[in-house]
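Written out as structure tokens, the structure reads:
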């Protein structure tokens, strides 16, 4: 083990690392990324900004290739076995390997001849960057040669970061032997925060003599017999109740047989549970996540190893059940008394398949990245593979998918057709899958509109097969592609589709459907086996009654979930859901079971009183009877005054102009906006974030179409005034609506113009700029700035900054959040040299500009003007001598 001591200037800039946060690399797949802007002396990146790769037994070498995106910085790549690269003691950086010093591309080869020699285990990768204030763009590729045991792979997972992900509870009876049926009064809820991390699923029960369980969606079902060392992994947390008295349990069902796995009894719940006790900022993404208090998550691993499972019902062998799992239950009855328990991060994982090249059923939801998907450029030597356009790009988008993230290919419209190329795990032998099929969601965006149908290309056994679908639309649409010869056309070669499926070499999905530039997205890509002997289907909607209460002119009540499931062997059914009243809304017109939809009332225009309605669920073409969910709504008289905006009452908090920039501070004036006595906000305890609700007041920001966009962080609320930050989420909009919610009573929407930059200098007294002289005195007629000295001026309205700062968050002390736009300043018409333009650390939405007072500035009071990009500020006074 070698070590070195870094200079004190570098130690002061250390970023703490965490082994568990490293991003895992895929063998041979390049990953490109950008590190945060480093200080001028340099800094070390590891932990949540580092990477890792598993080296299996039998591997002969690990090659790490590093390519810088710019020559203006020097980067050392450091590697360590089974422990994160990082600091220990006072200033000692621990690592096993380091690339040669100097700039440019670098390659590090670790083999049996290296010192230390290559071993089985996880290799952690960090970076030591010396930069002249350049944001380092890097490309990293880790390639393993040899090795017979692959690392753990995730076959299917539910992170519950966006919704229930198809999970339901066992409220309806199942025909499968040994299946449980829970208490009809128990409730299943998706919690948006407090998980491990982000959202989780929560089941609450009153303590009836029933077995309440969570039932897994279809993506976990089917044939898992080809998996090597398969296991279920999940996190569980007792939240409320007297405490668990029985062990955690999972049940699996198939072939008219049920088996049970028992874990340990989890600890009793803590006290004062808060699912979002504090917010933690991720420096890599700029996003925050909730951390709960009072209780702890406990990780369970249920290996699908027969000796660990007990028979509950039926006579089929355990191995036969694994060939067609039809139902999975996670038992949430841990006590005979009332209780609330949570589950998160349920996953089916495996170390690979039996035959070396067998392909498993798989799913890619693009929740955390592109997951190995690439595009068809540069060209490959494989016969029949397409080659895309040079200037097209493929990237992962972390939002606006169906839901969550998705992969987007922006086609330049060149002569070659662009395709998305599936990762290596979808290459190999498909013959172990029964009735396999591809499924995926697709969305098209272009000015000219699509003119070509979607195509899927499958290359195998020296033949090319093409599936041709419909011309896509601009909305997310689900496509199913059975791997049967009747729907595929062979365009080259002589082998059959069955022969090709025994040796699939490449899978491509077309991403160029127009005659000009366009952008297409794919999401939720599945490779699934078909069901085996499904039981007769039935459809169920749960709960059977939903009740809402609202105030006149108040906000719509929060949506409530309705879970639509098909029972009887896990069969999927297409269904439609329709409301019977105009005021009743449903989040989607239907779908495929299992699916959870939201219902809610639109109360605008409704008078006080009681209303009854329903949503009806049908499965067209099945002959099954409809299921009805009764919905009731009570609209009460308003409990307070209705908020009203003054004419032109939304302005920049510093300049009082009516244009606002994303991230800037604003003020709105009116009546009935909040409490009679003004309330000043403080940061949420334990965080650097402003609240979005203060004294029962919130400020809702909407698209001009009426769609929800964000809630604005609040600084002050009163009956006649609200001070707020315009969310960064408004970036790219020309205008938005603001709606004041005063304890449930809503104002009419107020349109506000949004621009990229709208600088406003804060003022005090008689139009004096809020500015601080070089000696830290406030600039005034009695304390003038000296020519040639530094003057710090405080503004708002800068627009976006880099690196990004989340809406409502105090600007960090490092790296400093700078304005990416050019800035100029004048004092009394004399140009001033601008030294720095960026957010003030510790404050929200406040910009500071450090400038040099020009030698030609006139004496006495002079107007100060700041220009960012092409937008000019107000002109308050500063005093110069």
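In our numbering, the protein residues as written are 5 to 885.
Heads up, the beta-carbon is just placed ideally off N, CA and C, and yes, glycines get one too.
For residue 515: DSSP bridge partner residues: Beta-bridge pairing links residue 515 to no other residue.
Rounded straight-line distance, which links the Cα of residue 315 to that of residue 264: 6 angstroms
Simplified DSSP assignment, three categories, for residue 456: coil
Pairwise C-alpha distance: residue 102 and residue 745: 57 angstroms
Candidates 58, 723 and 339, of which the one nearest residue 250 by Cα: 339
Reduced DSSP category for residue 556 - H, G, I as helix; E, B as strand; rest coil: coil
Cα-Cα separation, residue 296 to residue 699: The predicted model places residue 296 with a pLDDT of 49, which falls under 50 and marks its position as unreliable; any figure quoted below should be read in that light. So the alpha carbons of these two residues sit roughly 24 angstroms apart.
Simplified DSSP assignment, three categories, for residue 310: helix
Proximity to residue 308 [Cα-Cα], best of 414, 483, 257 and 269: 257
Secondary structure, beta strand (DSSP E): runs of 3+ residues fully inside the region 665-700: 669-675
Buried versus exposed, by CB contacts within 10 Å (16 or more), residue 772: buried
Stretch-stretch touch, CB-based, cutoff 8 angstroms, three pairs: the region 764-778 with the region 867-876: yes
Which residues DSSP lists as bridging residue 741, in chain order: 706 and 755
Stretch pair the region 722-733 + the region 613-625: three plus CB contacts closer than 8 angstroms: no
Which of helix, strand or coil DSSP assigns to residue 157: strand
Reference residue 793; option with closest CA among 421, 837, 112 and 810: 837
Where residue 345 falls, given that 16 or more other Cβ within 10 Å makes a residue buried: buried
Cβ contact check for the region 754-767 and the region 689-698: 3 or more pairs under 8 angstroms: no
Nearest-angstrom beta carbon gap, residue 620 and residue 605 [assumed within contact, 8 angstroms]: Between residue 620 and residue 605 the Cβ distance is about 16 angstroms, and since that is not below 8 angstroms, they are no contact.
CB contact check: residue 210 to chain C, cutoff 8 angstroms: Judged by its chain identifiers, the structure shown contains no chain C, having just a single protein chain.
Among 708, 502, 754 and 729, the one whose alpha carbon lies nearest that of residue 737: 708
Reduced DSSP category for residue 396 - H, G, I as helix; E, B as strand; rest coil: coil
Residue 287 in three-state terms, based on DSSP: Summary for residue 287: the model assigns pLDDT 43, below 50, so the residue's position carries little reliability, and this model does not support an answer.
Segment contact, 8 angstroms Cβ cut-off, at least three pairs: the region 165-175 with the region 98-116: no
Residue range of the beta strand (DSSP E) that includes residue 577: It is not in any beta strand (DSSP E) - residue 577 carries neither H nor E in the DSSP assignment.
Candidates 882, 503, 33 and 268, of which the one nearest residue 487 by Cα: 503
Helix, strand or coil at residue 433 according to DSSP, with G and I counted as helix: strand
Terminal residues of the beta strand (DSSP E) in which residue 855 lies: 851-856
Residue 330 versus residue 436: straight-line alpha-carbon distance, rounded: 18 angstroms
Terminal residues of the beta strand (DSSP E) in which residue 63 lies: 63-72
Burial state of residue 525, where buried means 16 or more other Cβ atoms lie within 10 Å: buried
Every unbroken beta strand (DSSP E) within the region 217-278, with a cutoff of 3 residues, ordered by chain: 217-219, 235-245, 253-258 and 261-266
Within 8 angstroms, strictly: CB atoms of residue 666 and residue 755: no
Helix, strand or coil at residue 770 according to DSSP, with G and I counted as helix: coil
Those residues which DSSP pairs with residue 510 across a bridge: 463
Pair within 8 angstroms by beta-carbon distance, residue 785 and residue 883: yes
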